[in-house]
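Here's the structure we're looking at; comments come further down.
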Amino acid sequence: MSLAKQNFSNVVEDAINQQVMLEMTASQTYLAIAAYMGSDNVALPGLEKFFNEQSEEEREHAQHLIDYQNKRGGLAVIPSVPAPTSEWASAKNAVESALQLEKDVNKNLLRMESLAEDEHDPQMVNVLRSKYLKEQVDSIAEIAKLMTQLNRGGGEGLGLYLFDQTLLKSGVKGVIGQV
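For the sequence shown, numbering that gives the first Met the number 0 assigns the number 0 to the initial residue and increments by one for each residue that follows.
This is the structure in structure tokens:
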């Protein structure tokens, strides 16, 4: 048993390991979406760049949770992640998948917050509220707004091209404004 472990239940420890798996799954999924967007038959460099950045952000979340687990005296379990799909019907379909994934991650974070409260772990509650829950709401809003703009342009053809070029040149804030 770790010398650092104090008021850190196995329930919360397991929940963190599950969240690490979700964050790594999201990272791999976003990397797969980026690869799809960058393929020669899709060729959307703006969305490719956006999803590469999202993949890195999710990996950073997993690393932060691993570091937190170690700091609290828990055992960080590095999961093997199932391979994500590598093809989508369209750019719109891929962005819809990303939005659903963000909602699933948020649902699990809310479950973790409830578990941490039940286990009387105010430090974990604080980490979830101050870092993860706010970021998750922002990510959901950001991808939802991207989806709205993508739909507004028709989701294909010239509208998709112009959307993607704006995303590439101006970044997500240039497409959707502030979240």
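Ideal Cβ positions, reconstructed from N, Cα and C, are used throughout, including at glycine.
CA-CA distance, residue i and residue j?
{"i": "residue 152", "j": "residue 45", "result": "15 Å"}
{"i": "residue 55", "j": "residue 0", "result": "32 Å"}
{"i": "residue 4", "j": "residue 125", "result": "17 Å"}
{"i": "residue 176", "j": "residue 162", "result": "14 Å"}
{"i": "residue 143", "j": "residue 97", "result": "9 Å"}
{"i": "residue 86", "j": "residue 61", "result": "25 Å"}
{"i": "residue 73", "j": "residue 40", "result": "46 Å"}
{"i": "residue 112", "j": "residue 123", "result": "8 Å"}
How close, in whole Å, do the beta carbons of residue i and residue j come, if the pair is a contact with beta carbons under 8 Å?
{"i": "residue 68", "j": "residue 15", "result": "5 Å"}
{"i": "residue 155", "j": "residue 89", "result": "7 Å"}
Short check: CB of residue i to CB of residue j, under 8 Å?
{"i": "residue 120", "j": "residue 11", "result": "yes"}
{"i": "residue 83", "j": "residue 31", "result": "yes"}
{"i": "residue 22", "j": "residue 64", "result": "yes"}
{"i": "residue 91", "j": "residue 167", "result": "no"}
{"i": "residue 29", "j": "residue 7", "result": "no"}
{"i": "residue 76", "j": "residue 27", "result": "no"}
{"i": "residue 145", "j": "residue 104", "result": "no"}
{"i": "residue 35", "j": "residue 93", "result": "yes"}
{"i": "residue 100", "j": "residue 25", "result": "yes"}
{"i": "residue 127", "j": "residue 115", "result": "yes"}
Can you list, in chain order, the stretches of the alpha helix (DSSP H) that have 4 or more residues and sit fully within the stretch 95 to 128? You should have 121 to 126.
At which residue ranges does the stretch 14 to 91 contain complete alpha helix (DSSP H) runs of 4 or more residues, listed in the order of the chain? Listed in chain order, the complete alpha helix (DSSP H) runs (minimum 4 residues) inside the stretch 14 to 91 are 44 to 70.
What are the start and end residues of each continuous alpha helix (DSSP H) run of 4 or more residues lying completely inside the stretch 140 to 176, in chain order? Listed in chain order, the alpha helix (DSSP H) elements of length 4 or more contained wholly in the stretch 140 to 176 are 156 to 175.
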